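Let me begin by presenting the structure, written as structure tokens, before commenting on it.
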Amino acid sequence: MLSAYYHFIPKADADLVLWVANFRLKIATVGAQIELPAATITEAADTAQIIEDGFEKSAVKKQEQQEAVAYKKVLRKRDVKKLVSLAIAIKRHPLYTENMGRELGIIGTQSNAGRSPLRPTLKLKTEVGYVAISFNKQRQKGITIYSRLKGSHGWDTLISGTSVSPFKDERPLQQEGVAETREYLARYWDNATEIGQESDIVFTLFGG
């Protein structure tokens, strides 16, 4: 029938710790007034102290866990993205090989096949004086577009972080009067960091 007397025990942890601390401080005085044995008073005070220490350790562990989880999210959002961006740059390098990709673990696996990829889609429209590059955003902040002449190695950054579609590539011909085939690809952009997968390479013949 002890449960009938539990109505005065606070349910919230913080309130319970305060109640126990007060009990520990006052039990000696009250115990002496009703002539409790000294051993009983000491045991009660020790028990109260054990409860306080246990709840304090639990609170510290809980805070540490919350901080650890928050830090893990920061690492994934900030530092993992740095490695991903470097990996993408390596894969774009003209000297990159599939064997290098396997060594670094940067080749996609079957486990990713069922996921919806974060990957932009580019559409080109050639106009007089520029190439209009349209893209989907998939609720992302922006996009980085790369370009190169067909047959050349390496990619040049055309625009980083643009959010307005279509983007106009208004660069002049490298040789006046000589049409050129321009290739484009893109990745999504978020606060100066590229995210997701590269788009397919698209190309168009631009005559100026």
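So in UniProt numbering, spot 71 of the sequence shown is number 71, and the numbers just go up one at a time. Glycine is no exception: its CB is placed at the ideal position from the N, C-alpha and C atoms. All values derive from a computational prediction rather than experimental measurement.
Closest Cα partner of residue i within the set the options
{"i": "Val20", "options": "Gly151, Ala39, Ile51", "result": "Ile51"}
{"i": "Asn191", "options": "Thr47, Ser163, Pro117, Thr97", "result": "Ser163"}
{"i": "Leu25", "options": "Ala12, Phe8, His7, Thr47", "result": "Thr47"}
{"i": "Leu124", "options": "Thr29, Leu83, Phe206, Asn22", "result": "Phe206"}
{"i": "Ser152", "options": "Phe8, Ile90, Glu180, Ala89", "result": "Glu180"}
{"i": "Lys150", "options": "Thr126, Glu170, Thr121, Tyr184", "result": "Tyr184"}
{"i": "residue 295", "options": "Pro37, Glu194, Asp169", "result": "Outside the shown range of the chain (1 to 208) lies residue 295, about which nothing can therefore be said."}
{"i": "Val131", "options": "Ile90, Leu104, Leu173, Val30", "result": "Leu173"}
{"i": "Ile88", "options": "Val202, Glu198, Asn22, Thr204", "result": "Glu198"}
{"i": "Arg171", "options": "Asp200, Ser134, Thr126", "result": "Thr126"}
{"i": "Thr42", "options": "Ala28, Lys73, Thr204", "result": "Ala28"}
Buried versus exposed, by CB contacts within 10 Å (16 or more), residue i
{"i": "Ile143", "result": "buried"}
{"i": "Gly154", "result": "exposed"}
{"i": "Tyr188", "result": "buried"}
{"i": "Leu158", "result": "buried"}
{"i": "Gly105", "result": "exposed"}
{"i": "Ala70", "result": "exposed"}
{"i": "Ile34", "result": "exposed"}
{"i": "Arg115", "result": "Caution applies to Arg115, whose pLDDT of 49 falls short of 50 and renders its modelled position unreliable; the model cannot decide the point."}
{"i": "Leu122", "result": "buried"}
{"i": "Glu194", "result": "buried"}
Range covered by the alpha helix (DSSP H) that runs through residue i
{"i": "Arg92", "result": "80-92"}
{"i": "Gly31", "result": "13-33"}
{"i": "Leu104", "result": "98-104"}
Endpoints, beta strand (DSSP E) assigned at residue i
{"i": "Arg148", "result": "142-149"}
{"i": "Val202", "result": "202-206"}
{"i": "Thr126", "result": "122-127"}
{"i": "Phe135", "result": "130-135"}
Residue i CB to nearest heavy atom of the ligand FMN below 7 angstroms
{"i": "His7", "result": "What this structure holds is no ligand at all, so the ligand FMN is not there to describe."}
Residue i - partner residues in DSSP beta bridges
{"i": "Leu173", "result": "Paired residue(s): none; Leu173 is not in a bridge."}
{"i": "Asp156", "result": "Ser147"}
{"i": "Phe55", "result": "Per DSSP, none; premise fails for Phe55."}
{"i": "Ile195", "result": "Tyr188"}
{"i": "Lys62", "result": "Per DSSP, none; premise fails for Lys62."}
{"i": "Arg139", "result": "DSSP, once it has assigned bridges, lists no residue as partnering Arg139."}
{"i": "Phe167", "result": "Ile133"}
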